[in-house]
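Undergrad:
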Amino acid sequence: MARQTKKDLAYDYIKRCIREKRLLPGQRITAAHLADEIGISVLPVREALLKLEAERLVSITPYVGAVVSWVSAEEIYDVIRLLAVLEGYGTVEAAAHRAHLAPELTALNEKLQLALNQGMWEWFIELNRSFHFTIYEAAGNAQLLDSIRVFWSQLDAMLAVTAFHLVPNRAAEDLREHELITRLLVDPATDPWELERIGREHRLRTAAYMRGQSVAFP
Numbered sequence: 004m005a006r007q008t009k010k011d012l013a014y015d016y017i018k019r020c021i022r023e024k025r026l027l028p029g030q031r032i033t034a035a036h037l038a039d040e041i042g043i044s045v046l047p048v049r050e051a052l053l054k055l056e057a058e059r060l061v062s063i064t065p066y067v068g069a070v071v072s073w074v075s076a077e078e079i080y081d082v083i084r085l086l087a088v089l090e091g092y093g094t095v096e097a098a099a100h101r102a103h104l105a106p107e108l109t110a111l112n113e114k115l116q117l118a119l120n121q122g123m124w125e126w127f128i129e130l131n132r133s134f135h136f137t138i139y140e141a142a143g144n145a146q147l148l149d150s151i152r153v154f155w156s157q158l159d160a161m162l163a164v165t166a167f168h169l170v171p172n173r174a175a176e177d178l179r180e181h182e183l184i185t186r187l188l189v190d191p192a193t194d195p196w197e198l199e200r201i202g203r204e205h206r207l208r209t210a211a212y213m214r215g216q217s218v219a220f221p
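Heads up, the sequence shown is in the working numbering, so the first residue is 4 and it goes up one at a time.
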């Protein structure tokens, strides 16, 4: 495993502060103060802020400084739509490894049901991530996997600073869709385009749920 750079350390720290609402939208970010908190120099903090600006999580104004960005609903939907395309493709690519995926995905679905029944939401979120990345890692495409990870991370942080991070009743539907994805993924007779559509619409339904709309899903 590659050693974490000071820039990465600062990036992860600032992003965690945003996710945990220790830094709020509109709040000014002082590089020197963060550097003291992390125990590093100011330069890697500034580099991390530039990276976060590229992800639209931070806004930097020359001679003024950096603030946590206000994230619009449309910006969130843009990221979700991009993820939907990547995840649909990743689901199709993973089909070549269907024999190895079936038992692992089934076991994760069973744990997700248990987490849902017991209201263990943090565990549910962790298992949900494991379910999806079990599929995307099986695709064997490093560039695709890196892109999905970047957008997942960006979406997590964006949702953390909005009122959209809780979607009531969505968890039960997630499970039903996971079961369908698993069933189609492990069936050699499944049409690849249908599998891509199912993988893509699973993500799009989250955006539709936020909007109070509906995307067709079997």
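Glycine included, C-beta positions come from ideal geometry on N, C-alpha and C.
Given a threshold of 16 other Cβ atoms within 10 Å of its Cβ, counted over all protein chains shown, does Lys18 qualify as buried or as exposed?
TA: Lys18 should be labelled buried.
Undergrad: Do three or more CB pairs link the region 68 to 77 to the region 27 to 36 at distances below 8 angstroms?
TA: Cβ pair count under 8 angstroms is three or more, so yes.
Undergrad: Does the distance from the CB of His181 to the CB of Asn112 come in under 7 angstroms?
TA: Going by C-beta atoms, His181 is nearer than 7 angstroms to Asn112.
Undergrad: Run through DSSP, which three-state label would Gly143 get?
TA: Correct three-state label for Gly143: coil.
Undergrad: By Cβ distance, which residues of its chain are closer than 7 angstroms to Cys20, with the 5 residues on each side in sequence left out?
TA: Answer for Cys20: Leu26, listed in chain order.
Undergrad: Using DSSP's beta-bridge definition, name the partner residues of Thr64.
TA: The partner list for Thr64 (beta bridge, DSSP) reads Gly68.
Undergrad: Return helix, strand or coil for Ile43, following the three-state DSSP convention.
TA: It is coil, neither helix nor strand.
Undergrad: Under the three-state reduction of DSSP, which class applies to Arg59: helix, strand or coil?
TA: Of the three classes helix, strand and coil, the one that applies to Arg59 here is coil, per DSSP.
Undergrad: Who does Ile32 pair with in a DSSP beta bridge?
TA: Answer by DSSP bridge pairing, in chain order: Ala69.
Undergrad: With a CB to CB cut of under 6 angstroms and the five nearest residues on each side skipped, what residues in its chain are close to Glu58?
TA: Excluding sequence neighbours, Glu58 sits near Gln157.
Undergrad: Helix, strand or coil, according to DSSP, for Leu27 in the structure here?
TA: Coil, per DSSP.
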